[in-house]
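Respectively, the protein sequence lines represent chains D and H.
Start counting the first sequence at 99; every next residue gets the next number (the numbering used here).
Start counting the second sequence at 99; every next residue gets the next number (the numbering used here).
Working notes for the structure below.
There are 2 protein chains.
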Amino acid sequence: MPKLVMKFGGTSVSDVERIKNAASKILIEVEKGFDVIVIVSAMAGETNRLVSLVNSVSTLYDAREYDAIVSSGENASAGLMALTLQNMGVSARSWQGWQVPLITNSAHGSARIMEITTQKLNEKFLEGMRVAVIAGFQGLTNDGRLSTLGRGGSDTTAVAFAAAFEADQCDIYTDVDGIFTADPRITNKAKKLSKISYEEMLELASLGAKVLQTRSVELAMRYNVPLKVLNSFSDNDGTLVCQEENIMENKVVSGVAHSRDEAKMTLISVADRPGIAASIFGTLADKGVNVDMIVQNISDDGRTDMTFSCPVDQVELATVTLNEAKIKKTFNYRELIADQDVSKISVVGIGMRSHAGVAAKMFQALSNENINIKVITTSEIKISVLIDRKYMELAVQSLHDAFELGVEA
Amino acid sequence: MPKLVMKFGGTSVSDVERIKNAASKILIEVEKGFDVIVIVSAMAGETNRLVSLVNSVSTLYDAREYDAIVSSGENASAGLMALTLQNMGVSARSWQGWQVPLITNSAHGSARIMEITTQKLNEKFLEGMRVAVIAGFQGLTNDGRLSTLGRGGSDTTAVAFAAAFEADQCDIYTDVDGIFTADPRITNKAKKLSKISYEEMLELASLGAKVLQTRSVELAMRYNVPLKVLNSFSDNDGTLVCQEENIMENKVVSGVAHSRDEAKMTLISVADRPGIAASIFGTLADKGVNVDMIVQNISDDGRTDMTFSCPVDQVELATVTLNEAKIKKTFNYRELIADQDVSKISVVGIGMRSHAGVAAKMFQALSNENINIKVITTSEIKISVLIDRKYMELAVQSLHDAFELGVEA
């Protein structure tokens, strides 16, 4: 039978009534003839509760224990979904990550999926099981420890299952109607997109659109999995994330993304020798710091300033890492400055490739509002800037207007 | 190095402060030179929360899914305890039941431990790990599903680990000072016992003293594991549960136990043929009904009334089971009556073996208070009665006085 993957986020399974609502959507697909693989997140708030328990013990924790604790939230929602489907007369059972197994590498806290064994599930589907409910976000390392895929990891779980089982489509149910040109909570002119390319979605996701985890989109692009973002609480037709050639006409800019809780960190006066950047960011990566933007100023007398951004909640980890005596001696920098009050704003669009002047237009729009730009980075299809956090909403609204994203195409 | 098992119940790990308090007790034993195996329950309230989620989906559930859901509470407390110990400089890690593995049979919801693999933990102890923190209550079946050992199963986990690893002692940390002659919340004359035999503890546990799970005491008796009940929140010396010969002088009666939420069920006019009782209670056991007392009246014209007690929350399960058409036809009973408002009161004591008149004294004490006895059962060291629930407290107090349990020995 054809297979479909359906993923339900935390707000879609936050209580028994919502689980029933989600189950009724699954039932419709089962009745259409699909064998369904359902991926569930933890009930809304549960992962936060577990994370804050960990943090109340220690902010510098053993990531293997963090994973063992934080992964437990999905077990309950998976079991409850299986029970709810059984009550509706659907042959269903739950699987925890280690039961499948879904094997990951050992990068605890943000592990990457290495392999999904299809055998056991396929046997059960052949025996008549119609729905396999999978606890998302979690996996098993080769040395038998529990791992988690990082925040939003259930999306990645869903796409990986869709690829492994060659599912027709991967439906991501969430609490929004789809992908918008900007966050509708910030500008009420934001419009839902009916289609968006993987590349644009990738930039939007990583930049804080928060609807889909970056890696899930990367994975969907690599395996060409049609990905649909849908609202659990409406019958809206959502947004299809697909290949660029399936989208007829691109605007120059598709959307304005923002990421609120960024920090800008600067290493003042680093010895500018070959390999220094690789060494610094390699060290940070080893400790699990998610460095995003990196800017290096022109070298002056063999010394340079190195600026990077990372999530605010990793400032302590980055600081401790870089202040470690041996590290400090190796990099021989003068000072480490952290600015914890910045946000990142990005404009994204495949159309940029063939249109000059997007950057100029963006900077002019910000300048018109007297918003100072602290750091700039660009890629082929996006331009990002760091600005003071207090200007974040204003910047999004101004850019949304400047690129006429609220106007019907 | 000598091994010690320490078990901490839900109230002993209900928040981060209490986990730290428990960890400090573990640290003391590590510093004494013990390699410690710590068994933790879920944080207080967590298992109830998970059970009520299951019940809000369905009261007749797939027990395998129930176990997958309900077992997840222990994962968090095990990880948090490991992190807390690490913060104190103790080499510690957590293990979930399936990681050890602790193998159980497939009686989901009240599974029995078949085997504990000691190899992996012992390897880690040899490598320098000082504390293995085990998520209690949970195990793995041979077909790879999660199982739970039933309420209080963490005690059983603890004793099983103590037996498997030949630990010197198994310390059960709870929120009471030890085993009392009666529930101190019911009579303030109740006294703490410094020692009690396995046999008496067994009767007290199964009858609702609620400090230790019955099976944990059975297991401790079988493997002669010295079991100590201690208070996490005081330095009281607790109660040692040990072999009878280690207790110098026994009172006739050691304690008065009660069990509040019992139900009395009667099958009216069952065909009284050989094997009928085995068949009825075999059927109930297969469905997981915990039948406790069983009384069969004198047979009259080849038909008899069969009365049994079970926990109130299993009345529906028992009723559905016995009302199933095929079962009903087989047993050919006239009517099934459930009385859901009874409690069980028991007096327990090894001294009863050599003293006549205990039953008479008990019945007289109840009669003096005009408490009607509905069902009586006796064993070598205990006498139990079912009475109306509203008389429960009065009965405990009267019996505690009658047997002079509040008087210093």
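Even for Gly, the Cβ is constructed at its ideal location relative to N, Cα and C.
Put simply, the backbone Cα of D:M179 is about 7 Å away from that of D:A121.
Flagged as an interface residue toward chain H: D:E163, by a C-beta distance shorter than 7 Å. H:Q184 reaches chain D at D160, counting residues in chain order whose Cβ is nearer than 7 Å. When the five nearest sequence neighbours on each side are left out, the beta carbons in the same chain lying within less than 8 Å of the beta carbon of D:V198 are those of I214, T215, K218, L219, I232, in order along the chain.
The alpha-carbon of H:A260 is positioned some 35 Å away from that of D:L247.
With respect to H:L181, D:Y159 sits close: the two C-beta atoms are nearer than 7 Å. Comparing C-alpha distances from H:S292 to each of H:G207, H:K459, H:C340 shows the shortest one belongs to H:C340.
When D:S154, D:E297, D:A230, D:N173 are compared, the shortest CA-CA separation from D:V188 is found for D:A230.
Residue range 229-233 is occupied by the beta strand (DSSP E) that includes H:V231, with no alpha helix (DSSP H) assigned at that position. Looking at the DSSP output, H:L291 bridges to H:I277. Taking 8 Å as the upper bound on Cβ-Cβ separation, chain D lies near no residue of the region 225-241 of chain H.
The Cβ neighbour count for D:I443, taken over all protein chains shown within 10 Å, is at least 16; the residue is labelled buried. Within the region 291-362 of chain H, complete beta strand (DSSP E) segments of at least 3 residues are found at 293-295, 325-329, 337-340, given in chain order. Here the region 125-142 of chain D does not lie against the region 136-144 of chain H, with fewer than 3 beta-carbon pairs under 8 Å apart. When rounded, the separation of the alpha-carbon atoms in D:D370 and D:Q394 is 10 Å.
DSSP places D:D266 outside both helix and strand once states are collapsed to three, so it counts as coil. For H:Q267, the closest of H:V410, H:D133, H:D384 by C-alpha to C-alpha distance is H:D133.
When C-alpha distances from D:K123 are compared across D:E414, D:Y271, D:P409, D:M227, the shortest belongs to D:Y271.
D:R191 counts as buried, since at least 16 other C-beta atoms from the protein chains shown sit within 10 angstroms of its C-beta. Counting only runs of at least 4 residues, the region 364-400 of chain H fully encloses the following alpha helix (DSSP H) elements, listed from N- to C-terminal order: 374-384.
In terms of CA proximity to H:L492, H:A280 leads the group H:S332, H:S169, H:T202, H:A280. For D:L434, the pairing in a beta bridge is given by DSSP as D:L365. Under the Cβ distance rule, D:I167 counts among the residues neighbouring chain H, one pair being separated by less than 7 Å. Contact annotation: H:M490 and H:S452 have beta-carbon atoms that are not nearer than 7 Å. Distance between D:R147 and H:V351, taken at the CA atoms: about 48 Å. Contact between the region 375-382 of chain H and the region 322-337 of chain H is absent: fewer than 3 CB-CB pairs across the two stretches fall below 8 Å. For H:T239, the enclosing beta strand (DSSP E) begins and ends at 236-239. D:V155 sits buried, since 16 or more C-beta atoms from the chains shown fall within 10 Å of its C-beta.
Pairing D:L300 with D:V323 gives a Cβ-Cβ distance that is not under 7 Å.
The region 401-418 of chain D makes contact with the region 355-365 of chain D, as at least three CB pairs between them are under 8 Å. Per the DSSP secondary-structure output, D:R162 pairs with nothing in a beta bridge. For the pair H:T475 and H:V387, the Cα-to-Cα distance works out to about 19 Å. The beta carbon of D:K472 sits closer than 7 Å to those of K362, V440, L484, I485, all from its chain and outside the five residues before and after it, given in chain order. For a cut-off of 8 Å, the C-beta gap from H:V354 to H:M404 is around 28 Å, too long to register as a contact. The beta carbon of D:V389 sits closer than 6 Å to those of F379, L382, F406, C408, all from its chain and outside the five residues before and after it, given in chain order. Around H:A161, the same chain offers H206, G207 as residues with beta carbons nearer than 6 Å, after the five sequence neighbours per side are excluded.
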